[in-house]
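Here is the structure we will look at, set down as structure tokens.
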Amino acid sequence: MFQNIGEMVLLAWRTLLALPLTWRQRQKVFDQFFEIGNASLLMVCVLSFFIGGVLALQTGPVLVESGLASTVGGLVGISMAKELAPVMMAILIAGRVGSAMTAEIGSMQVYQEIDALRTMNINPIHYLVLPRMVAIALALPMLVLFAILVGWLGGALVSFANERIYIPIAVFFANLRSVVELDDVANGVFKSFCFALIVGVVSCHQGLVTIGGPRGIGRSVTKAVVNSIVLIVIFDYILTNVLMVFNS
Amino acid sequence: MSAGANHQGGVAVEVRGLRKSFGRHEVLKGIDFLVEPGEVFVIMGPSGSGKSVLLKHIVGLERPDEGEILISGEPIHAPEVMARYRMALVFQSGALLNSLTVGENVGLYLSEHRLKPPAEISRIVSEKLEVVGLKGTERKMPNELSGGMKKRVAIARALVIEPHLILYDEPTSELDPLSAVVIGEEILKLKERIHVTSLVVSHDRDLAFGVADRIAVIDDGRILAVGTPDEVRQRPEPIIRKFLTADFNPNHKTRL
């Protein structure tokens, strides 16, 4: 485990050092960015809409019955912005994009394509890892921003449509605006940036250390997704604490 | 770097006391040999004898536990040596990047290192593909090619580097006899055209005796014999005789 952590830190550091080469690799960054968006946008919409909706559905009736109907918008707004959108979208991306990254790099490792790159003096970190890391670090915060908005919309529509809650959409958003500040959204977006780095590093690392044939690739993909999710949850706690200190 | 087909000749490769273990399994047990510039040197031996591991050391993909590899007298792991001498490895599988077209694979070295403008890269790619008899395949994907074609694309990709040393890992494995002959002829043509040093690892006796200036026979991580094809044929060691004369036995008595 400690060897893996060390290797991942080293990979992250080497990718960081390679950042000045991003412009040279812009086409690959764009391709990856497009692929991430293409693979996830619809899922992000569906997932975040229903997360916002179910959040309103679970809390709305209780709050309304307690005379706290005006807090539903704020609760959904802040939960989506600070916690649910960043964490759920990061998990979604780990499963949808991180797994694909591991599978592709792992397959290249197993079938000696990465060795071929090395013999051509092409650094696999520059060629494979850097574009993926930059693309995911740009794409996930954008997807999370989008997910927050769609989640709010989902919460608002459910709050309006459910007869036990029945809060007009304008009232829902007025309440949301009075509670949610730009800092809250920024917190969520910052968290998602950190999660993107975690998913990118874990997925690329697992791909690069893949051994064996198709079974080895499958094993690496599973490890990448599981490790990403565990690290997302752990870092969510750490980041929440750190951001609380900064925001206080 | 010149893009022309002809350039300076090959380099000398000297392997001294090379040892390598993976865990408790010692794969290379002290390998010594010298390859002269421009020579076609074939390392021949049965599967699992350490040939491919040896090749990976020479191209710098593995580091030895003991011993050293010298390219024209200089240690291979010195950064300036890797920068000064270009080497290309033609992998057993071809190791083409499956997400790229044939043309992109062949031109990858030039495009990634930004050595030529795109139009010039296209011209060089066409020229190298023509050399290996695959003109017009630039837009194909690797999965549209046969095994032999993949290996020839891999050779074209190696040629683009304008290498001083080309290493071939089992270039005729998984090929039909005709394709194997074509690959062997490509190796010889390259020697004549660009005087590159060629190091071929193979268990294909026909290829070895067909293309080699000299042959080293390796078994169980040790070099058993080095010499010209005729000299190797005359070697009396039973293990070499067995390897060189093994043939299909209807009585099923052949033992590895």
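Here the protein sequences come in this chain order: V and B. Position one of the first sequence corresponds to residue 15 (the numbering used here), numbered consecutively onward. Position one of the second sequence corresponds to residue 2 (the numbering used here), numbered consecutively onward. Where a beta carbon is used, it is the ideal one built from N, C-alpha and C, also for glycine.
Closest by C-alpha distance to residue i, when choosing among the options
i	options	result
alanine 226/B	Val14/B, Lys21/B, Gly46/B	Gly46/B
asparagine 166/V	Thr73/V, Ser62/V, Leu33/V	Just to set this straight, residue 166/V is tryptophan in the shown sequence, not asparagine. Comparing Cα-Cα distances from tryptophan 166/V to each of Thr73/V, Ser62/V, Leu33/V, the minimum goes to Ser62/V.
proline 100/V	Val256/V, Val247/V, Phe260/V, Glu195/V	Val247/V
alanine 217/B	Lys192/B, Leu245/B, Lys190/B, Glu193/B	Leu245/B
serine 53/B	Val202/B, Val161/B, Glu40/B	Val202/B
glycine 24/B	Ser123/B, Phe92/B, Asp66/B	Asp66/B
lysine 141/B	Thr173/B, Leu97/B, Ala120/B, Lys117/B	Leu97/B
leucine 190/V	Met258/V, Leu163/V, Met122/V	Leu163/V
isoleucine 162/B	Phe42/B, Ser22/B, Ala84/B, Ile184/B	Ala84/B
tyrosine 251/V	Pro228/V, Ala238/V, Phe209/V, Val215/V	Phe209/V
serine 100/B	Gly226/V, Arg110/V, Met122/V	Met122/V
arginine 206/B	Asn106/B, Lys192/B, Ala247/B	Ala247/B
valine 82/B	Ile70/B, Pro239/B, Asp177/B	Ile70/B
aspartate 198/V	Glu21/V, Ser217/V, Val90/V	Val90/V
valine 239/V	Val256/V, His219/V, Leu257/V, Gly226/V	His219/V
Residue i at chain B interface by Cβ criterion, 8 Å
i	result
glutamine 46/V	no
threonine 224/V	no
threonine 116/V	no
glutamine 126/V	yes
alanine 161/V	no
arginine 132/V	yes
isoleucine 136/V	yes
aspartate 197/V	no
aspartate 129/V	yes
tyrosine 180/V	no
tyrosine 141/V	yes
Pair within 8 Å by beta-carbon distance, residue i and residue j
i	j	result
valine 197/B	glycine 11/B	yes
valine 203/V	threonine 29/V	no
leucine 200/B	leucine 168/B	yes
valine 213/V	serine 242/V	yes
isoleucine 136/V	glutamate 121/B	no
leucine 111/B	lysine 117/B	yes
leucine 28/B	glycine 51/B	As written in the sequence, residue 28/B is valine, which differs from the leucine given in the question. For valine 28/B and glycine 51/B, yes; Cβs fall inside 8 Å.
valine 212/B	valine 41/B	yes
proline 75/V	isoleucine 139/V	no
isoleucine 231/V	valine 124/V	yes
valine 194/V	isoleucine 92/V	yes
threonine 116/V	valine 235/V	yes
aspartate 214/B	isoleucine 240/B	no
valine 244/V	methionine 22/V	no
methionine 102/V	leucine 154/V	no
Cutoff 7 Å; reference residue i; Cβ partners in own chain excluding five residues on either side
i	result
glutamine 46/V	Pro145, Arg146, Ala149
proline 38/B	Gly10, Gly11, Val12, Ala13, Thr198
serine 54/V	Leu106, Ile107, Arg110, Val111, Leu157
serine 84/V	Asn189
valine 107/B	Val126, Lys129, Leu130, Val154, Ala157, Arg158, Val161
serine 1/B	The structure shown has nothing for residue 1/B, since chain B only spans 2 to 257.
serine 147/B	none
methionine 2/B	With a pLDDT of 36 at methionine 2/B, under the threshold of 50, the modelled position of this residue cannot be trusted; read the value that follows with caution. If we look at methionine 2/B and ignore the five residues flanking it on each side, its Cβ neighbours are Leu116, Glu163.
Same chain, Cβ closer than 6 Å to residue i, neighbours up to 5 away in sequence not counted
i	result
tyrosine 86/B	Val12, Ile72, His165
glycine 104/B	Val126, Glu139
glycine 31/B	Gly18, Arg20
glutamate 63/B	Lys57
arginine 223/B	Lys30
alanine 89/B	Ala159, Ile162, Pro164, Ile167
alanine 114/V	none
phenylalanine 186/V	Gly87, Ala170, Ser173
alanine 4/B	Since pLDDT at alanine 4/B reaches only 36, below the 50 mark, its modelled position is unreliable, and no value is offered.
Any chain V beta carbon closer than 8 Å to residue i
i	result
alanine 120/B	no
alanine 157/B	no
alanine 88/B	Before going further, note that residue 88/B is methionine rather than alanine in the sequence given. Interface residue, yes.
isoleucine 59/B	no
glycine 5/B	Residue confidence for glycine 5/B is low, a pLDDT of 37 falling below 50, so the modelled location carries little weight and cannot support an answer.
isoleucine 162/B	yes
phenylalanine 92/B	yes
alanine 79/B	no
tyrosine 110/B	yes
glutamate 113/B	yes
leucine 62/B	yes
alanine 96/B	yes
Residues bridged to residue i [DSSP beta-bridge criterion]
i	result
alanine 1/B	No statement about residue 1/B is possible, as the shown extent of chain B runs from 2 to 257 and does not include it.
lysine 30/B	Arg20/B
glutamate 75/B	Ile72/B
tyrosine 169/B	Val91/B, Val201/B
isoleucine 44/B	Val202/B, Ala217/B
glutamate 67/B	Arg20/B
valine 161/B	Answer is none; valine 161/B lacks a bridge partner.
Other residues of its chain near residue i: CB distance less than 8 Å, five sequence neighbours each side excluded
i	result
glutamate 118/V	Gly221
Residue i CB to nearest heavy atom of the ligand ATP below 7 Å
i	result
glutamate 177/V	Absent from the structure shown: the ligand ATP. Ligands present: none.
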